[in-house]
Amino acid sequence: MNFLKSIFNSILLAGIIILVIGFYYMIIKAGIPYQDPTPELQLQYSIDMGIGDVLTTVGLCTTMAGAVCRMIISFLSRKKKAEK
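So for the sequence shown, our numbering puts the first residue at 417; every next one is plus one.
Here's what the structure looks like:
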C-alpha cells in the first residue's frame with residue numbers, strides 16, 4: 417500500500433507541476449493579445465495559448481486522477497485496518 421501511495425503522490429505532484437506550467441504559458445508567455453498584431457505576433461500568441469491550454473488540461477486531468485486514486489487507496493487502507 418505504501419508503494420501505491422507514493423506512486424499516486426508522485427502522479428499528483430506531476431499533475432500540479434504540469435498545471436502550473438500551463439498557467440505560465442497562458443498568463444506569462446501568451447499574456448494579453450496585442451491590439452493590432454502582425455501575423456507573426458498573432459501566430460506566436462495562438463501557439464503559446466494553445467500550448468498553455470493543452471498543458472492546463474493535461475495537468476488538471478492528471479491532478480484529479482492522482483487525487484482520486486490517492487483517496488481510494490486511503491479508503492481501502494482504512495477499511496483494511498478496521499477489519500483487523
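Note that the Cβ used here is the ideal one computed from N, Cα and C, for glycine as well. On a predicted model such as this, the values are computed, not experimentally measured, just so you know.
- Remark: fewer than three beta-carbon pairs, one from each stretch, lie closer than 8 Å, so the segment 455-463 and the segment 424-434 are not flagged as touching.
- By the CB criterion at 9 Å, G482 and L429 fall inside the cutoff.
- Around the CB of G468, 16 or more other CB atoms lie within 10 Å, so the residue is classed as buried.
- Here Y450 has L457, Q458 and Y461 as same chain residues with Cβ atoms under 8 Å from its own Cβ, once five neighbours each way along the sequence are excluded.
- Here the C-alpha atom of F439 lies approximately 44 Å from the C-alpha atom of E499.
- Nearest to I463 by C-alpha distance, out of I427, R486, M442 and F424, is M442.
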